[in-house]
Amino acid sequence: MPEIRQLPTSVINKIAAGEVVERPASVVKELLENSVDAGATRVDVLLEQGGMQLIRVADNGCGMRAEQLPLAIASHATSKIQDADDLFSVRTLGFRGEALASIAEISHFVLRSRTGESDAGAELEVMGGVSQPVSPCGCPVGTAIEVRNLFFNTPVRRKFIRTTQTETGHAVEAFLRIALAHPQVHFTFRHNDRLLYELPPVDNWRERILACFRDEFDQGLIWIDNSDSDVRLSGFVGDPSLNRANNRLQYVFLNGRCIRDKSLQHALGEAYRGLLMVGRFPVAFLRLEMPPSVVDVNVHPTKLEVRFQDSGRLYSQLLSTLRQKFLSTDLTARVNSPSPAAASVVAEPIEEAQRRDLAAWALGVAAGRDVGPTSPGSSPPLSPAAAMNADPAAFPRDLRLDFGRSSSQPFRPFPDSWSATQRIAGSSPATGLAAADTPQSPLATAPAAVVVHEPSVTYAPERVSSSVPSGRGMQVQNRYLVTESEEGMVIIDQHALHERILYEQLRTKVLDGALETQRLLVPEPVHLTPAESAVVLDARDVLSELGIEISPFGGDTVLVMSYPAMLASLNPGELLRQIVNQLLAGGKRPERRDMLDELLHMVACKAAIKAGDKLSLEEVTALLEQRHLCQDAHHCPHGRPTALVFTRDELDRRFKRT
Ligand code: ADP
Ligand code: MG
């Protein structure tokens, strides 16, 4: 039995330091937080060599008395809380009493401080956790801390330190987080001899944001403000045009503390869904103010993460505030704007993004992953958009290939159910191959007659499957896939095939009763003509069966309350309009089955790759491998053919071999 022993303080501090101090930026953060907690109105930061040589933070805060200095650097010594109950009413940034002890353990540390009441200051020097006696010194009121040679006695940690530039970047980020949260404080930041930031105190948060980001967001910050009982959410979100390639410019400040919260990030993404291209992230500066009692800040050593008592409600509050804001601004108008400029800049990418969203969702379903849209909750799973945002490069190739690989069934180009009458004799010039040579080719006109071979020729699907390499093929003209079958050559319309595959899979899901509905946090008003609203309200019952709940909203406006989750990336208003058009065209109440089918067609069509999409070889292979998933591979849901077959006999004849 090995000895159990109490660890020496220095080891305890080193362990704590490992958690608290990851890099120079961590020191910058901790020292700045202490300055803010000390009520400073001015704080100056100086770094040398990315902070590895020197980090100096000087403030004009309340300062410390000489006899307090040794306590300040003792572990678990703090002036900010007294007992465990205080943990639930923390209003300061610090409270763990670990930072200075940790930093002093792994650096050459000098602390100088003076309170307003004392004539002189006091100085305490600590070398790798070993303190010198406190000595008097001359200094202004406030506190100045110098940290040199960070990690000098923890070589392992030192190895993880990157270039000066990288470390400076992290330190600047730590600085900005504090500076953004406290606009009333004057901050400066110097690196070596360069003044990087001079941020005078301001009353208006927008000015501090612009000062931190050099007027980058001068245009396009949208103010939001919403109070839900004791939780106030306010701040700025970016116009969609300010979007970024990552979510780093999404700042959330909880009671003056910068935090990261996956659920809130997700809500942000949801609010911008349809407004941004996939893989792009909105810019946001959000402030949350709430009683300290409804949030636990003591769950993370650097307090970057917190635990909300009711995170689901917060999620809804953020999402509905943003949606309401977007409804009342002209953002959506821009998206739908028919003006050529707006259409080319905004509408195009959005269509693309929606299509990819749908495709990813559909493919997720296909691959057996449940990536359906989420309802607000404490920790919502990633939506397809979010999942892709996490790694935009992963789409579309990986998903498609995954989709393809999941199949183990053999390739069968034609189903057994395919009746002989559907096979048209290739020898007939009117309907067969000969027509393909003319400008009015069957490809362009999409005739019912599509397969070109002798009616007498029979084929055996099993034989086909065993002898044809299922994935081999090529793409031509960015729209057709050419491959080989036992019989001859097969030409496949890539969009039609993909659409068919998606349609089959979606239909299976729906018929299995897995049609989820999604309640809109903010019901979407759709303005209709009197005739339209009458016909759509008439069909209310049928629509509700489909997961589309509507209700009259005065005049001829109809509110969409909920809609099928599978259509999450479609605009609910647009969806209703399409339904209205169909109702008016059909002139009769839609049967549930017909309606479902129509919706499925819509989704599959939107989600599928298009004619003109260039595919990689792997994508071609994946698509071809999926042909077996189609119970009925020869027609897309619109009835257009998905494939043409040129039999070997026919080819021989064309080449005058017979
Ligand atoms: P915490 O901030 O969690 O209390 P720290 O180790 O960061 O722990 O600091 C320990 C104590 O030292 C603080 O509680 C505070 O009383 C004092 N202190 C640290 N920095 C300053 C400062 N810049 N001005 C005044 N007091 C400070
Ligand atoms: Mg602290």
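In this note's numbering, the protein residues as written are 4 to 661. We treat Cβ as the ideally placed atom computed from N, Cα and C, and that holds for glycine. None of the values given here were measured: they were computed from a predicted structure.
Item, Value
"Outcome for Pro203 when other beta-carbon atoms lying within 10 angstroms are tallied against a minimum of 16", "exposed"
"With 16 other Cβ atoms within 10 Å as the buried cut-off, status of Gln629", "buried"
"Same chain only: Cβ atoms within 6 Å of Cys65, ignoring 5 sequence neighbours per side", "Ala41 and Gly42"
"Where the alpha helix (DSSP H) containing Thr171 begins and where it ends", "Thr167 to Ala184"
"Leu72: CB within 8 Å of a non-hydrogen atom of the ligand MG", "no"
"Counted within 10 angstroms of its Cβ, other Cβ atoms place Thr624 as buried (16 or more) or exposed", "buried"
"Backbone secondary structure at Cys65 - three-state DSSP", "coil"
"Range of the contiguous alpha helix (DSSP H) that encloses Arg3", "No statement about residue 3 is possible, as the shown extent of the chain runs from 4 to 661 and does not include it."
"Boundaries of the alpha helix (DSSP H) in which Glu519 is found, first to last residue", "That residue, Glu519, is in no alpha helix (DSSP H); it is neither H nor E in DSSP."
"Beta-carbon proximity of Gln103 to Glu22, cut-off 9 Å", "Note on identity: in this sequence residue 103 is Leu, with Gln being the wrong assignment. No, they are not a contact pair."
"Residues that DSSP places opposite Gln253 in a beta bridge", "Ala287"
"Rounded C-alpha distance that separates Asp655 from Thr661", "6 Å"
"Status (buried if at least 16 other CB within 10 Å, exposed otherwise) for Val133", "exposed"
"Euclidean distance between Cα positions of Asp174 and Tyr200", "For the sequence presented, residue 174 should be read as Ala rather than Asp. Their Cα atoms are separated by approximately 12 Å."
"Rounded C-alpha distance that separates Leu540 from Tyr275", "29 Å"
"Assigned secondary structure, Ile227 (DSSP; H/G/I helix, E/B strand, else coil)", "strand"
"Arg94: CB within 8 Å of a non-hydrogen atom of the ligand MG", "no"
"Cβ shell of Thr157 (< 6 Å), same chain only, five flanking positions each side left out", "Ile109"
"Endpoints, the beta strand (DSSP E) within which Glu79 is located", "Just to set this straight, residue 79 is His in the shown sequence, not Glu. Where His79 is concerned, there is no enclosing beta strand (DSSP E), given that its DSSP letter is neither H nor E."
"Unbroken beta strand (DSSP E) run spanning Leu562, endpoints", "Thr560 to Pro567"
"Given Leu279 as reference, the closest of Arg160, Asn250 and Ala537 once Cα atoms are compared", "Asn250"
"Where the alpha helix (DSSP H) through Ser29 begins and ends", "Pro27 to Asp40"
"Short Cβ contact (9 Å threshold) for Ala568 with Thr645", "no"
"Spatially closest choice to Phe288 from Asp228, Ser232, Pro11 and Pro304, by CA coordinates", "Asp228"
"By C-beta, the residues closer than 6 Å to any heavy atom of the ligand MG, given in chain order", "Glu33, Glu36, Asn37, Gly97 and Ala102"
"Check: Thr81 C-beta below 8 Å from any heavy atom of the ligand ADP", "yes"
"Contact between the region 45-56 and the region 213-220 (3+ Cβ pairs under 8 Å)", "no"
"Close beta carbons around Phe311, own chain, < 6 Å, minus the five adjacent residues each side", "Val298 and Leu317"
"Asp299 CB to nearest heavy atom of the ligand ADP below 8 Å", "no"
"Leu500 vs Val538 beta-carbon contact at 9 Å", "no"
"Rounded separation between Ile244 and Val48 - CA only", "Reading off the sequence shown, one finds Ser at residue 244, where the question assumed Ile. Distance between the alpha carbons of Ser244 and Val48: 33 Å."
"Straight-line gap, Glu653 to Leu578 (C-alpha atoms, nearest Å)", "46 Å"
"Buried or exposed (CB count within 10 angstroms, at least 16 for buried), Ser116", "buried"
"Three-state secondary structure assigned by DSSP to Tyr506", "helix"
"Where Val129 falls: helix, strand or coil (DSSP)", "strand"
"Under 9 Å between C-beta atoms of Cys142 and Gly124", "yes"
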